[in-house]
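Numbering (our numbering), first residue to last: 12 to 171.
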């Protein structure tokens, strides 16, 4: 009996495969559990149509995500940090800091999607990748700069 698989089955086949299986396997396992449908001409046409519609929807969604990636890539973040002697950072700039900076500019990004191999520990401009759905990535320029000193009068009051 010829059947069309409705889901991927380990050792049998993938979603959409048209297989020739024994009648008993189809009647007793695949069909009752809705893991496959009989490969009639009508079912084959329906499946091809559903596959075509899903591909069009996926393409449209990918274009929307790529447009969103272009908007994110146009953003330039400036993150002020405290520095010590010889411009050494106190701490580091992490993916959470970058996600918070993007959120402040109106882009909601999960901090786990910020692709940062290791935290940024030096001043300068760094390019950071943001992973989006459908294998789309956006690159954001992150400028790590010295935090401006607060008023010297406040520092003098704090020491007194």
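Every residue gets a Cβ at the ideal spot worked out from N, C-alpha and C, and that includes glycine.
- Per the coordinates, the alpha-carbon of residue 78 lies some 17 Å from the alpha-carbon of residue 124.
- Between residue 43 and the set 17, 53, 67 and 61, the nearest pair of CA atoms involves 17.
- Non-local C-beta neighbours of residue 84 in its own chain, meaning closer than 7 Å and more than five positions away in sequence, comprise 149, 150 and 151, ordered along the chain.
- In the DSSP secondary-structure assignment, residue 138 is bridged to 152.
- Note that the C-beta distance between residue 15 and residue 54 is below 8 Å.
- Excluding the 5 residues flanking it on each side, residue 122 has same chain C-beta neighbours closer than 7 Å at 106, 107 and 110, in chain order.
- Taking a contact as a CB-CB distance under 8 Å, the pair residue 126 and residue 139 counts as one, their CB atoms being some 7 Å apart.
- By the neighbour-count criterion, in which 16 or more other beta carbons inside 10 Å mark a residue as buried, residue 65 falls on the exposed side.
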